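Novice: Can you keep this structure in mind? I'll have questions shortly.
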Amino acid sequence: MTATTRNGVSPFLDPGPHTKANSLAILQLSRDNLLPVYLKPLTGEHDGYAEGAVVNTRYGSFPHSTMLNVPWGSQIRASKVDTGSRGRKRKREDGDDAFREATGASEKDNEDLATAVTGDSAAAVKQAVADTSGFIHVLPPTPELWTTSLPHRTQVVYTPDYSYILHRIRARPGSVLIEAGAGSGSFTHAAVRAVYNGYPAEGERKGKVFSFEFHEQRYHKMKQELSDHGLDELVQLTHRDVYNGGFAVDGKSPEADAVFLDLPAPWEALPHLSRRRPASSHVNGSATGNEQTDWVSPLNPNKSVYLCTFSPCIEQVTRTVSAMRRLGWVDIDMVEIANRKLHTSRERVGLNLNFDRGVNNSAHDVEEAITRLAEIEARFREHAAKPRDGDEEMDSADEAAEPAGQNSAATNGGTPAEATSGTAPWMEGRLITRGEPEIKTHTSYLVFAVLPREWTEEDEAAAAVKFPVGKEQKVIGAMDRAARKQERREQLQQQQQGASSRKARRKERDEKMAEVSG
Amino acid sequence: MHSVVRPNAWVALKLPSGSTKVIQIAPNTTISLGKYGSFPSNLIIGRPYHLTFELQDKLPNETFSRLRVVPADELYAEVFAEEAGPGCATPDAAGANDTVISTTDGEEFSLVDDKGNVVARSNREVLDENARQTLTQDEIEELKREGTNAGKDVIAKLLLSHTALDQKTSFSLAKYKLLKTKKYIRRFQVLPIDVENLAHWQLEERDASKIMDMRAEMIGLVGCWGNVHYGGDEVFLPDPKTSSAEGAGACVPVDRDVLKGRWLAVDDTCGLLVAAMAERMGILYEGENTESEVKAEEHKGMATEQAPARSEIPEKPQSNTPATESTQKDGDAEMTDAPTKPVKRESDVKPKQLNPRPSDFATPYSQTNTITVIHATSQPNLSLLNYWGFDITAPNHPPHPLLNHLLTLSWLQLLKPELDTAYSTPPPTATPETLASWKPSRRGNFHRKRRRYARIRHIVDSTRTGNFSGLVCASTMDPISILRHTLPLLAGGAPVAIYSPSVESLAALADCFSVPRRTAWVSGAAPEIEGMSNEELERWPGNERFPLNPTLLQGVSIQTSRARRWQVLPGRTHPLMTERGGADGYVFTAWKAIPAEGKVAAKGKFKRRKVESEAATPAAA
């Protein structure tokens with residue numbers, strides 16, 4: 001595929017200034033409620049809607065036409081959309097007989113309406129009318145937004161994990177990355193962004209992701225997704241069981257710089273990620289003789305290769321690490337990532353605050369508590385001092401006491417209320433942060449490792465010729481005492497020499513000056 | 001990049017003690033690792049990274065130690081022995097019994113050499129009953145001086161002379177051995193200086209506060225949430241070909257349409273944040289083009305240094321750049337490969353006839369894939385970039401990708417450019433005749449001033465044009481004040497990612513966008529904004545009740561991340577006992593929103609819930 005056949009750069013990599021038709025946009029309904037939508041161009045009635053394609057949410061209906069060609073990040077108002085008649089019509093088309101009987105009376109009218117709409121929609125689509133039910137924001141797709149909104153097919157690698165992984169495995173523009181277990185594609189999207197350094201021209205090596213998926217349905221879905229997102233030139237997706245098939249694509253090595261394995265048994269895939277053909281004892285698959293002969297290493301022969309495996313269980317980790325050690329991986333490091341989201345809110349505590357939601361109507365400090373207690377005590381004493389005559393008096397006493405209490409509240413405790421009347425309600429109380437109600441305490445264990453490039457006797461001999469030893473002059477780095485002393489001595493000597501020569505020169509110059517003046 | 005160690009490259013040497021030494025590998029020097037010994041630098045130049053080297057004993061006729069690559073099998077020999085041993089077959093048994101092992105049953109603590117043979121057994125030495133460690137300090141020193149077999153002999157002797165060895169459990173024995181190995185084994189590993197390694201070194205061994213305690217988790221999060229990535233092939237504005245007599249009017253105006261893939265940064269981490277962003281954008285390393293590097297690598301293998309490399313220069317695809325950078329870069333990469341040439345002379349060697357000097361008002365910066373750093377002092381502090389060969393203060397810098405992708409300006413230049421002398425003083429002009437009559441130094445000064453003027457003009461004007469693809473911050477300044485002035489510069493939907501070592505300032509920022517505040521704003525609690533256009537609202541300076549326009553950001557969120565490190569050993573897998581404490585580190589994330597003009601109602605559509613739940617489709621209302 002060449003650049004000419006490509007329909008522009010992926011919206012993930014360069015969304016452009018405006019939303020475009022037939023391109024992915026992420027609708028933000030509320031803070032954590034995101035909806036991926038492929039915006040459809042205005043071609044006429046769609047799915048029974050006169051306004052063309054429509055997104056229905058709890059915040060109202062949003063025809064795609066209102067979201068097309070607007071700047072990214074725009075706030076979009078809901079539109080008045082007739083969802084009712086359309087819903088009935090579609091159900092009928094589905095052949096729901098019971099429903100047809102129930103609505104039999106209005107059937108004729110509906111049909112007329114529908115034909116009328118389709119009739120003129122080819123020419124003009126119904127203009128959307130703003131509604132007051134709500135709004136949404138339309139955001140450009142990023143791997144982060146996609147990760148939170150994508151259709152789950154498997155466990156998803158979330159942003160806290162993949163951000164750390166990509167940083168550690170040095171996925172940079174121009175890197176080639178192998179990913180096995182494409183899964184839901186969240187990591188794939190983040191990886192493409194990390195390695196992207198332009199779409200490749202014919203035969204050019206650019207940053208690329210080689211992705212492998214074992215599950216056929218997931219493979220097809222993923223394939224569709226990648227082409228919808230304009231990423232199919234940057235991701236080479238292969239349907240394969242890598243435990244047996246390895247990582248070469250079309251018999252050629254991807255020459256990967258980094259590897260990410262999200263597989264149940266990484267140790268079965270690891271032998272394929274070697275510099276040399278693995279000994280048969282490592283591969284437990286049934287490799288045919290043919291494959292054995294033209295085995296190519298999928299790794300970049302000129303660089304250290306970084307690897308990360310992603311396994312939820314500790315037993316998987318122990319086996320993986322053990323296999324890594326035997327295959328020559330170094331700097332093996334296992335970590336797990338704990339991520340917490342924090343919510344900020346205003347903590348409002350006080351006796352005289354209003355009764356809004358989230359307000360704690362108890363004393364906000366000891367003084368307030370004492371004031372309130374003293375008040376109650378005073379009222380009680382007042383009450384006790386009254387002679388007990390009868391029920392009628394009781395009632396009247398209560399009535400009398402109540403206004404008194406209110407008065408005292410107004411004089412003593414009333415001050416906070418007056419004070420807060422000056423501050424806006426959204427600035428009342430103390431600003432606090434707290435964790436979200438449910439936290440992800442464990443996603444997976446991440447095992448990192450590095451495989452240095454192969455270094456043979458011949459390489460070493462060539463390097464030794466190129467960089468011959470024996471001409472060392474200076475010492476750098478930490479020095480033992482003897483070396484430091486020696487260098488100091490030399491320095492001093494040189495300085496002295498320098499100083500003496502400078503002195504000599506000055507003397508000479510002085511003499512000259514004297515001559516001239518003389 | 002980072003294929004083999006290049007001459008004069010900065011590298012990190014990881015020592016057995018766990019500490020790291022960051023040094024520039026000058027050719028023809030001796031690198032000293034303190035107590036672990038020293039070796040000639042030429043023995044690691046041209047060799048791959050991540051290999052573990054062992055300092056060998058000096059040969060009788062040589063004055064230096066040669067190095068030996070330690071194969072991975074040898075590095076893990078003890079683990080393999082353990083895995084093979086009975087203790088590991090049933091890992092829980094080893095833990096449960098806590099068996100005291102005797103000196104005679106060998107395998108567990110005997111020392112194995114490269115081939116897995118047992119080199120030392122406990123019964124070879126007679127143990128003293130009284131002292132725990134029978135070797136005296138003098139004897140240990142003696143052994144160290146003899147220093148044979150890369151320190152392995154010392155360790156073996158130490159273990160064998162430990163009287164209480166037979167009383168140790170397998171766990172404490174492993175610990176004891178590890179301790180001694182760390183101290184005496186003469187090994188080291190060469191790591192490349194990339195953002196991850198440098199940040200780790202700064203954090204663990206240098207001054208963590210210098211980089212605001214920014215851990216790898218945070219660097220990853222900020223980079224991802226800031227959506228920092230390669231922003232497109234570089235595009236340069238055409239050279240206006242001005243003569244020396246033309247003044248400010250001849251400057252190239254900023255073209256808003258070609259500005260693309262630009263990120264805004266506020267960096268108080270001495271350049272670590274900028275380095276991390278540059279790494280993600282592919283502009284941190286010289287010779288970033290891996291293809292040419294591989295080619296060069298092949299050339300190097302078979303031929304002498306420079307002749308074949310030169311031939312590949314014309315092959316490089318020439319974009320619409322003024323031809324300077326790409327050619328120079330390759331030439332430079334080759335030069336660094338030449339063994340004995342110091343870096344400084346590169347500028348002398350560059351082929352002058354290939355690239356005629358651009359005119360004074362030519363814009364040296366790419367219009368895409370750039371980082372714009374706003375700094376609070378008159379000069380930005382980006383000192384850590386020196387480790388990647390970029391010195392922001394150097395006047396005649398050798399080629400580096402950051403040179404035309406990193407733009408820096410001060411807050412004054414951004415917000416009140418008329419007060420900045422460099423921006424507001426018009427450039428000097430002179431007719432070619434007068435110019436020719438001047439001394440070379442004065443002429444140089446003249447051109448330098450004009451070039452500086454054009455540069456600053458471009459930086460300030462393009463930055464004020466806005467339309468940035470994202471904002472990334474790690475600053476000690478109040479984030480509210482930063483956002484007040486940078487939010488109008490962001491394109492719609494652009495992400496904002498702000499790192500802070502502590503949560504308080506970010507919480508205060510998030511509170512500016514709280515739901516009650518936003519609701520109040522929308523329902524008209526700020527009377528002074530009545531009738532303002534969106535443009536005016538974006539630049540609204542804020543008041544006490546609304547420090548920022550709360551509708552300008554969407555999806556405001558704060559998070560923190562921490563990596564917990566584990567030890568994975570047969571039968572002894574557990575999280576590390578201690579880790580770095582200090583600042584936790586928090587990241588604030590949001591997206592720039594473009595509010596709809598006029599009033600927006602949001603009364604919701606919840607009244608017919610019953611019908612909704614009955615209907616199968618969400619469309620039924």
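Residue numbers (full-length UniProt numbering), protein chains in the order written: chain A, 1 to 518; chain B, 1 to 621. The C-beta atom is built at its ideal place from N, Cα and C for all residues, glycine as well. All of these numbers come straight from a predicted model, not from anything done at the bench.
1. For chain B, is any of its Cβ atoms less than 8 angstroms away from the one on residue 160/A?
2. Hey, would you say the C-beta of residue 325/A is under 7 angstroms away from at least one heavy atom of the ligand PLP?
3. Roughly how many angstroms lie between the CA atoms of residue 431/A and residue 364/A, to the nearest whole one?
4. Measure the alpha-carbon distance for residue 531/B versus residue 485/B and round it to whole angstroms.
5. Do residue 460/A and residue 520/A have their beta-carbon atoms positioned less than 8 angstroms apart in this structure?
6. Residue 231/A versus chain B: which residues are under 7 angstroms apart at the beta carbon?
7. Does residue 21/B come within less than 8 angstroms of chain A when only Cβ atoms are used?
8. List the residues of chain B that residue 477/A touches, going by C-beta distances under 7 angstroms, in chain order.
9. Taking only beta-carbon atoms, is residue 313/B less than 8 angstroms away from chain A?
10. What distance in whole Å lies between the Cβ atoms of residue 446/A and residue 299/A, which are believed to be in contact at a cut-off of 8 angstroms?
11. So the candidates are 224/B, 255/B, 226/B, 61/B; which of them puts its Cα closest to the Cα of residue 236/B?
12. Name the chain B residues whose beta carbon is nearer than 8 angstroms to that of residue 17/A?
13. Threshold first: 4 residues or longer. Then list the alpha helix (DSSP H) segments lying entirely within the segment 428–481 of chain B, N to C.
14. Of all Cβ atoms in chain B, is any one closer than 8 angstroms to the Cβ of residue 486/A?
15. Using a Cβ cut-off of 8 angstroms (strictly closer), state whether residue 72/A contacts chain B.
16. Is the CB-CB distance between residue 39/A and residue 25/A below 8 angstroms?
17. Buried or exposed: residue 512/B, going by 16 or more other Cβ atoms within 10 Å of its Cβ?
18. Counting contacts by CB-CB distance shorter than 8 angstroms, is residue 366/A in contact with chain B?
19. For residue 80/A, which of 320/A, 485/A, 54/A has the nearest alpha-carbon?
20. Output the distance between the C-alpha atoms of residue 171/B and residue 346/A, rounded to the nearest integer angstrom.
21. Cutting at 8 angstroms between CB atoms, please list the residues of its own chain near residue 135/B, excluding the five before and the five after it.
22. Going by Cα to Cα distance, which pick from 261/B, 37/B, 73/B is closest to residue 57/B?
23. If you measure from the beta carbon of residue 137/A to each beta carbon in chain E, is any gap under 8 angstroms?
24. Strictly by DSSP, which residues pair up with residue 267/B?
25. From the DSSP secondary-structure annotation, give me the bridge partner or partners of residue 29/B.
26. Which term fits residue 437/B, buried or exposed, when burial requires 16 or more other beta carbons within 10 angstroms of its beta carbon?
27. Looking at the C-beta of residue 241/B, does it have a partner C-beta in chain A at a distance below 8 angstroms?
28. Any C-beta of chain B within less than 9 angstroms: which residues of the segment 139–150 of chain A qualify?
29. In the structure shown, what three-state DSSP assignment does residue 230/A receive?
30. Output yes or no for whether 8 angstroms exceeds the beta carbon distance between residue 471/A and residue 28/B.
31. Quick one: which chain B residues come within Cβ less than 9 angstroms of residue 334/A?
32. When burial is assigned at 16 or more other CB atoms within 10 Å of the CB, is residue 130/B buried or exposed?
33. I need the straight-line Cα distance from residue 496/B to residue 167/A, nearest angstrom please.
34. Between which two residues does the alpha helix (DSSP H) containing residue 202/B stretch?
35. Compute the Euclidean distance between the alpha carbons of residue 220/A and residue 152/A, then round it to the nearest angstrom.
36. Using a Cβ cut-off of 7 angstroms, pull out every chain A residue sitting near residue 42/B, in sequence order please.
Specialist: So, from the listed chains and residues:
1. yes
2. Looking for the ligand PLP in the displayed structure turns up nothing, as the structure carries no ligands at all.
3. 14 angstroms
4. 22 angstroms
5. Within the shown structure, residues of chain A are numbered from 1 to 518, placing residue 520/A beyond reach of any answer.
6. Here the premise fails: no neighbours, minimum Cβ distance about 13 angstroms.
7. yes
8. 21, 23, 31, 32, 33
9. Below a pLDDT of 50, predicted positions are generally treated as unreliable, and residue 313/B, at 34, falls in that range; the measurement from the model is reported next regardless. For residue 313/B, the answer is no, since every Cβ of chain A falls outside 8 angstroms of its Cβ.
10. About 20 angstroms; that fails the 8 angstroms criterion.
11. 255/B
12. 467, 491, 492
13. 432–437, 440–465
14. no
15. yes
16. yes
17. buried
18. no
19. 54/A
20. 51 angstroms
21. 143, 157, 158, 161
22. 37/B
23. Protein chains A and B are contained in the structure displayed, whereas chain E is not.
24. 474/B
25. 474/A
26. exposed
27. no
28. 139, 140, 142, 143, 144, 145
29. coil
30. yes
31. 565, 566, 567, 568, 573
32. Because the pLDDT at residue 130/B is just 48, under 50, the model does not fix this residue reliably, and the value given afterwards should be weighed accordingly. Exposed.
33. 19 angstroms
34. 195–204
35. 14 angstroms
36. 467, 468, 469
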